[in-house]
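Numbering (my numbering), first residue to last: 16 to 317.
The following block contains the structure:
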């Protein structure tokens, strides 16, 4: 096989156009983004909202975002690290926690718009598909699901957050094909399996299995659950209490940050112009005084 060295002429580099920075960084799918933010011209300056869900190693980020010419504007946000305030202290990145984060954001944005009493959503999570119905006065708050670069596989945690937002009262166009428990053979959603995931049943089942098969690994793998007093039997009741607490008060809590500590300064503090000037005058006076004293001593010796 003959290898030909690729030759790129001057014309190639003159006509080369670099891609957007966030595409070069591998952060944004612009093919999806342009379809999510394009607004009909006959709607003028009406914002088009997106329900943005992102996952980190230790947190879940859910936001209601609209695009503007100056950049994206976040209308409301909810995070999994807020869930300990509602009683969930462990397992903040699983499917059940994603549901709680989506529910929290939905109730928070509806409370902000004074629509929380009009659109209560699905009060009890049964695992079945749910969509809000418009009332006579105001239409439900609509947003489009923005998954970013997440692989939209069946049962992905991002659809747990979607389900939480739907049960919270948001209007998000969707299909039940990607919820946990959907069977592609008979094309039906098994609501019981989906409910099991919403209440952390998959975690409790694994806890039971691991405790029977490998007790030592169970002690290390679920050490934080054991430390917080969360066991496999009480998990469903825990999530029910968390859902009720979120609905009772979805407003963000202000946390008081401790005052920064005063650190010892090792380098010399920079003086102002006035301080340097006064220091120089004092030094000159000291030198003049010393010189005057020497002259007096010489006169006495003479």
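Just so you know, even glycine gets a beta-carbon here, dropped at the ideal spot from N, CA and C.
Computed from a predicted structure; not experimentally measured.
For residue i and residue j, which I take to be in contact (beta-carbon distance under 8 angstroms), what is that distance rounded to the nearest angstrom?
| i | j | result |
| --- | --- | --- |
| residue 178 | residue 114 | 6 angstroms |
| residue 80 | residue 59 | Not really, about 19 angstroms apart at Cβ, beyond 8 angstroms. |
| residue 163 | residue 69 | 6 angstroms |
| residue 196 | residue 206 | 7 angstroms |
| residue 118 | residue 156 | With 8 angstroms as the limit, residue 118 and residue 156 do not qualify as a contact, their Cβ atoms being about 14 angstroms apart. |
| residue 101 | residue 260 | 4 angstroms |
| residue 52 | residue 82 | 4 angstroms |
Go ahead and pull the three-state DSSP assignment for residue i.
| i | result |
| --- | --- |
| residue 81 | strand |
| residue 204 | strand |
| residue 90 | strand |
| residue 186 | strand |
| residue 60 | coil |
| residue 197 | strand |
| residue 105 | coil |
| residue 65 | strand |
| residue 319 | What the structure shows of the chain is the stretch from 16 to 317, and residue 319 is not part of that stretch, so it cannot be assessed. |
| residue 17 | coil |
| residue 245 | coil |
| residue 299 | helix |
| residue 233 | helix |
| residue 76 | strand |
What does the alpha-carbon distance come out to for the pair residue i and residue j?
| i | j | result |
| --- | --- | --- |
| residue 244 | residue 203 | 37 angstroms |
| residue 248 | residue 274 | 41 angstroms |
| residue 76 | residue 201 | 34 angstroms |
| residue 73 | residue 103 | 14 angstroms |
| residue 190 | residue 105 | 30 angstroms |
| residue 279 | residue 235 | 40 angstroms |
| residue 23 | residue 33 | 16 angstroms |
| residue 176 | residue 231 | 33 angstroms |
| residue 262 | residue 283 | 55 angstroms |
| residue 276 | residue 208 | 51 angstroms |
| residue 78 | residue 120 | 7 angstroms |
| residue 110 | residue 241 | 20 angstroms |
| residue 45 | residue 266 | 33 angstroms |
| residue 229 | residue 223 | 10 angstroms |
| residue 146 | residue 19 | 59 angstroms |
| residue 86 | residue 158 | 18 angstroms |
| residue 285 | residue 56 | 58 angstroms |
| residue 143 | residue 54 | 31 angstroms |
| residue 165 | residue 17 | 41 angstroms |
| residue 50 | residue 40 | 20 angstroms |
| residue 318 | residue 84 | Residue coverage of the chain in this structure runs from 16 to 317, which leaves residue 318 outside it and unanswerable. |
| residue 306 | residue 290 | 24 angstroms |
| residue 268 | residue 227 | 40 angstroms |
| residue 168 | residue 194 | 9 angstroms |
Problem - Stretch-stretch touch, CB-based, cutoff 8 angstroms, three pairs: the region 179 to 199 with the region 131 to 142 - result: The region 179 to 199 makes contact with the region 131 to 142, as at least three CB pairs between them are under 8 angstroms.
Handout entry: Three CB pairs or more closer than 8 angstroms across the region 251 to 262 and the region 148 to 167
Key = As far as the Cβ criterion goes, the region 251 to 262 does not touch the region 148 to 167, which means the pair count is below three.
Exercise for the section: Taking 8 angstroms as the threshold, find out whether the region 83 to 99 comes into contact with the region 115 to 127 through three or more Cβ pairs. Expected result: Yes, since at least three Cβ pairs between the region 83 to 99 and the region 115 to 127 fall closer than 8 angstroms, the two stretches touch.
Problem - Segments assigned beta strand (DSSP E), at least 3 residues, entirely inside the region 137 to 189 - result: The qualifying runs are 159 to 161.
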